[in-house]
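Asker: When we follow UniProt numbering, the leftmost residue of the sequence shown carries the number 1, and every step to the right adds one.
Dropping the structure in here first, questions after.
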Amino acid sequence: MPWFNRSIHIFTETEVANEPRDVKNRAFPHALIIGARKAGTSALQDFLKLHPQIRAPSHEPGWFFIDSEYTKGLGYYRTRLPPLQENQISIEKSAEYFHFPYVPERVWSFNSSMKILLIVRDPFVRLVSDYMFLKRYDKAPHCIEKKYTFEELAYNFTTGRVNTRWACLKRSVYFVWFQEWLKFFPREQILVVDGD
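Quick look at the structure:
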């Protein structure tokens, strides 16, 4: 199946009722921080967690709305979330959520009233940060950032044009990804935060 045509599973009441008992005090998130990558999602979550009524997982719960994690179901997802007291809400974040075109529909089918937080920064600064991070830390053998300079990836010397096919550069074209989210969530449900 093509990466842009993922199936949407709507969880049933039976699936929710059959969750393990030890996760009942772990509420699903009330808000998602969706990205953009290398724009400050972790910092935003850390600042929000300073408020005593906001809880977040200590570690990213594994990109629940993306493929293999999604198929594990709600019970699994809930085990990755923090326990809450009566007056608390939970948030979750993944900078990857913003850049996958099928994620907005999955989030919407999960909770159509979900509050969405999108943190962005200067697109070029974000691009350079993303490149440097991948070059330094990515362990995948197919990581092209380890093999080429920034200039070689960003610019096609043959055509004399910017290389718009480079994944890191695509992630900085915010309006393309934002349009996908607006197909499912009204603008009033999405808070855009300036990460600069």
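We put the CB at the ideal spot given by N, CA and C, even for glycine.
Just so it is clear, the structure is predicted and the values come from calculations on it, not from any experiment.
Once you ignore the five residues that flank residue 66 on each side, which residues in its own chain have a CB closer than 7 Å to its CB?
Answerer: These residues qualify, in order along the chain: 96, 100, 103.
Asker: Going by the beta-carbon positions, is the gap between residue 117 and residue 181 smaller than 9 Å?
Answerer: Not in contact: residue 117 and residue 181 (Cβ atoms no closer than 9 Å).
Asker: Would you say the region 46-64 touches the region 129-146, given that touching needs at least three Cβ pairs under 8 Å?
Answerer: Short answer: they don't touch.
Asker: Can you tell me which residues form a DSSP beta bridge with residue 118?
Answerer: 35, 192.
Asker: Counting along the chain, where does the alpha helix (DSSP H) carrying residue 147 start and finish?
Answerer: Neither: residue 147 is in no alpha helix (DSSP H) and is coded neither H nor E.
Asker: Closer than 8 Å is the cut-off here; do at least three beta carbon pairs connect the region 118-131 with the region 22-39?
Answerer: These segments touch.
Asker: Run through DSSP, which three-state label would residue 184 get?
Answerer: Three-state DSSP puts residue 184 in coil, outside helix and strand.
Asker: Using only alpha-carbon positions, find the residue among 56, 69, 83 that is nearest to residue 26.
Answerer: With distances taken between Cα atoms, residue 26 lies closest to 83.
Asker: Please determine, among 186, 185, 171, the residue with the shortest C-alpha to C-alpha distance to residue 98.
Answerer: If we check each option's Cα against that of residue 98, 171 comes out closest.
Asker: In the structure shown, what three-state DSSP assignment does residue 106 receive?
Answerer: Note: residue 106 maps to helix in three-state DSSP.
Asker: Nearest to residue 71 by alpha carbon, out of 142, 30, 106?
Answerer: Taking only the C-alpha atoms, the option nearest residue 71 is 106.
Asker: With a threshold of 8 Å, establish whether the CB of residue 92 neighbours any heavy atom of the ligand ATP.
Answerer: With respect to the ligand ATP, the structure shown offers nothing to examine, as it has no ligands at all.
Asker: Check whether the Cβ atoms of residue 92 and residue 57 lie closer than 9 Å to each other.
Answerer: Cβ atoms of residue 92 and residue 57: closer than 9 Å.
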